[in-house]
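Structure record follows, encoded as structure tokens.
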Amino acid sequence: MLLILAAASAGAGESQASREYAVKAAFLLNFAQFVEWPAEAFATAGSPLRIGILGDDPFAGVLDDTVAGETVRERPIEIERARDPHALADCHLVFVAESEERRIDDVIEALGERPILTVGDMDGFARRGGMCNFLIDERKVRFAINPTSAKAAGLQINAQLLNLARLVDADRGR
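This note's numbering applies: residue 98 is where the sequence shown begins, and numbers increase by one.
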């Protein structure tokens with residue numbers, strides 16, 4: 098079962114935005130637990146799972162705190178930050194920040210069909226070719242998944258996760 102609610106217990110002094118990103122950080126960790134990457138996505142059996150943040154980091158350190166000491170299938174987790182999508186080409190999961198919305202098509206193209214789970218929170222991210230899209234519905238964080246994009250990248254998303262998501266297809270003219 099997804100343990101997403103763990104991050105939702107933010108303190109009373111925290112802003113709505115920081116609580117939202119604490120929940121999203123927990124989602125990212127859980128997404129990694131429910132996605133299977135091809136073996137060649139990792140250099141060795143002990144290689145870390147690398148999470149990238151592209152653009153302005155909205156997590157303000159909460160993602161680092163969420164993944165500290167955690168593993169995904171016995172792999173340690175590393176976090177990288179960059180403004181150029183090519184700098185994150187060796188990551189396994191890339192969160193595309195809202196600051197990148199104007200160039201989202203270029204970002205999706207740059208990451209290509211590599212085995213990288215792309216996650217964003219801007220409107221229409223999954224329909225534009227991203228794989229996971231955070232949504233706010235009745236003041237709760239939800240998510241949509243584009244299984245076609247994930248499959249094209251060689252990723253297998255667990256049925257449990259798919260059952261919790263809204264499923265969308267890309268409308269990028271294909």
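The beta-carbon is built from N, C-alpha and C at its ideal position, and this holds for glycine as well.
Nearest-angstrom Cα separation, counted from residue j out to residue i
i: Asp234; j: Phe128; result: 19 angstroms
i: Val159; j: Arg200; result: 25 angstroms
i: Arg180; j: Arg236; result: 29 angstroms
i: Gly149; j: Pro244; result: 20 angstroms
i: Ser112; j: Gln257; result: 31 angstroms
i: Leu100; j: Asn255; result: Residue confidence is low: Leu100 scores 43 on pLDDT, short of 50, so the model does not pin down where it sits. Its coordinate-derived value is still stated next. Roughly 15 angstroms between the two C-alpha positions.
i: Ala140; j: Trp134; result: 12 angstroms
Contacts around residue i, its chain only, beta-carbon distance under 7 angstroms, and the 5 residues preceding and following it disregarded
i: Asp154; result: Arg178 and Ala194
i: Ala138; result: His189 and Pro212
i: Glu198; result: Met219
Residue i (DSSP reduced to helix, strand or coil)
i: Glu175; result: strand
i: Leu102; result: The predicted position of Leu102 is uncertain, since its pLDDT is 38 and thus under 50; no value can be drawn from it.
Candidates the options, of which the one nearest residue i by Cα
i: Cys188; options: Glu198, Gly217 and Leu151; result: Leu151
i: Asp220; options: Val265, Val169 and Ala140; result: Val265
i: Ile174; options: Ala256, Ala184, Val216 and Gln130; result: Gln130
i: Ser144; options: Glu171, Ala122 and Asp161; result: Glu171
i: Leu125; options: Ala250, Gly251, Ile242 and Ala186; result: Ile242
i: Arg116; options: Gly227, Thr163, Gly209 and Leu214; result: Thr163
Beta-carbon contacts of residue i that lie in its chain and below 6 angstroms, excluding the five residues immediately before and after
i: Arg239; result: Leu232
i: Val191; result: Gly149, Leu151, Leu185, Ile213 and Thr215
i: Ile205; result: Gly226
### Minimum length 3: unbroken beta strand (DSSP E) runs contained in the stretch 107 to 186
146 to 151 and 172 to 179
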